[in-house]
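Engineer: In this note's numbering, the protein residues as written are 84 to 429. By construction, the Cβ of each residue, glycine as well, lies at the ideal position given by its N, Cα and C atoms. These numbers were taken from a predicted model, which means no experiment stands behind them. Pasting a structure below so you can have a look.
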C-alpha cells in the first residue's frame, strides 16, 4: 500500500477542495509549483493561522491522522498541506515512520517559531476580547512626576483590585509631552496639570480632577512651625528654594506679587528630595504641591497658606476621542481620590 504520508516534491499537488469552509483556510493561492521556490523564503507564502495550527497539531500528536481528526480535516488534506509547507521550506519537516511522523531538525526549528507565533496570537485574541468586554487588556497611562507620589499609585492600587486582568504601562513626563503622546495614540489616558503654561497642546478631551494647592514646607524648628497656617507675607524675608531659573514666571512669584513682595532667591534645586534637604538644613523654604505631601520627610512641616494668597494649579485627566472603557473607569476613580493629608508634624 502506498504511503500517503510520504513527501514527494515531484508529485503534482491538487488544490485542496476537501477543507471545511468553516475552518480557517491555509493560504496556498500564492504558491505556484511552476515557480522555483527558494529555500527558507517561501514558508510565509503558505502560512496563515490555520496552517500554523495544523503544523503544530501534527508535531504534537506525531500523526497526520490524529491531527486530521482533531481539526476536522481529511487525512489526505493534512498530507497535502504539510507537503506544501515542506516544498516552501525547501525540504522535509517531518520524518515518516512506520507508525506516525516526527519532526526533522528543520521541522523542529519551524515548530519553535510556530508555537511562539500561536501563543502571541492567542494572547492577542484574549486581550482583544478583554478590551471589548471592558475588563482587561493593556492600559497605557502617562502622568507628571508629582502625580506619581500619591494620586496615581493610590488610585491604581484600587483600580487593579477591581480590574486584575489589566496590564499597566506607565510613562512619566511633563504635561506638554504627555499630551503629544496622547495625540499620537501612544497613551490611553494622561494625568496633566495646567502649570506652568496652561493646558498644553490640543488634547482631545480633558476632565478636571482637582485643584492642587501649594503648601509651604518649613524646617521643623522654624518660628512658624507651630502655626496652623501661614501668611505668605510672614515669609517675605525668607530665602526661597526653587527649580525654575530666576526671572521665570512661577506660581510663587505670582503669589508673592499679590502679597506685595518679591521672593528672595535661594538655592536652585530641581529634584524634590534635594529641595527637602535644603529646607531641613535651614537654608530656605519652598512650596510643595499638596499632591506631594506624602513624600515630605518627618523633619519638615507643611503649612497651608492663609487668606487669598494660596497658589494652586489645576489637575486634569486627558483622554482620546474614543477612550477605552478601562481608561474611563480609571479617570472616574482618579476623580474620587482624596489627598492623603495636609497636616504635618509640628
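With distance defined between alpha-carbon atoms, name the residue in 184, 321, 152, 162 nearest to residue 146.
Structural biologist: The residue with the shortest Cα to Cα distance from residue 146 is 184.
Engineer: Going along the chain, which residues of its own chain have a beta-carbon closer than 7 Å to the beta-carbon of residue 379, five neighbours each way excluded?
Structural biologist: Around residue 379: 300, 359, 371, 385, 427.
Engineer: Just how far apart, CA to CA, sit residue 123 and residue 170?
Structural biologist: Summary for residue 123: the model assigns pLDDT 43, below 50, so the residue's position carries little reliability; its value from the coordinates is reported in the next sentence. Spanning the two alpha carbons is a distance of roughly 10 Å.
Engineer: Alpha carbon to alpha carbon, what distance is there between residue 210 and residue 352?
Structural biologist: Cα to Cα, the separation comes out at about 44 Å.
Engineer: Is it buried or exposed for residue 337, if we count other Cβ within 10 angstroms and need 16 for buried?
Structural biologist: Its Cβ having fewer than 16 others within 10 Å, residue 337 is exposed.
Engineer: Quick check on the DSSP output: the alpha helix (DSSP H) that includes residue 404 runs from which residue to which?
Structural biologist: No alpha helix (DSSP H) holds residue 404; DSSP gives it neither H nor E.
Engineer: Residue ranges of each beta strand (DSSP E) run of no fewer than 3 residues wholly in the segment 220-269, ordered along the chain?
Structural biologist: Within the segment 220-269, the complete beta strand (DSSP E) runs of at least 3 residues are 220-226, 249-255.
Engineer: At which residue ranges does the segment 145-214 contain complete beta strand (DSSP E) runs of 3 or more residues, listed in the order of the chain?
Structural biologist: Runs found: 177-179, 184-186.
Engineer: Considering just the uninterrupted stretch of the alpha helix (DSSP H) at residue 343, what are its terminal residues?
Structural biologist: Premise fails: residue 343 is in no alpha helix (DSSP H) and is neither H nor E.
Engineer: Contact between the segment 396-403 and the segment 270-278: three or more CB pairs below 8 Å?
Structural biologist: Yes: at least three Cβ pairs fall under 8 Å.
Engineer: Quick test of your reading: residue 138 and residue 197, contact by CB under 8 Å. State the CB separation rounded to the nearest angstrom.
Structural biologist: Residue 138 to residue 197, Cβ: 6 Å. Contact.
Engineer: Once DSSP output is grouped into helix, strand and coil, what is the label at residue 420?
Structural biologist: Coil, per DSSP.
Engineer: How many angstroms separate the CA atom of residue 157 from the CA atom of residue 148?
Structural biologist: Looking at the two C-alpha atoms, the distance is approximately 8 Å.
Engineer: Alpha carbon to alpha carbon, what distance is there between residue 144 and residue 284?
Structural biologist: For residue 284, the predicted model reports a pLDDT of 49, less than 50, meaning its position is unreliable and no value from the coordinates is stated.
Engineer: Tell me which same chain residues have a C-beta within less than 6 Å of the C-beta of residue 178, skipping the five on either side of it?
Structural biologist: Cβ neighbours of residue 178 beyond the five flanking positions: 185, 187.
Engineer: Where does residue 390 land, buried or exposed, given buried means 16+ other C-beta within 10 angstroms?
Structural biologist: That one is exposed.
Engineer: Between which two residues does the beta strand (DSSP E) containing residue 272 stretch?
Structural biologist: Its beta strand (DSSP E) spans residues 272-276.
Engineer: How about residue 221 and residue 245: are their beta carbons less than 9 Å apart?
Structural biologist: Against a cut-off of 9 Å, the Cβ pair of residue 245 and residue 221 comes out as no contact.
Engineer: Which class does residue 382 belong to by DSSP, given the choice of helix, strand or coil?
Structural biologist: Residue 382: coil per DSSP, three-state reduction.
Engineer: What three-state label does DSSP hand residue 292 in the structure shown?
Structural biologist: Three-state DSSP puts residue 292 in a strand.
Engineer: So, helix, strand or coil for residue 430, using DSSP?
Structural biologist: The structure shown does not extend to residue 430, since the chain is modelled only from 84 to 429, so the question has no answer here.
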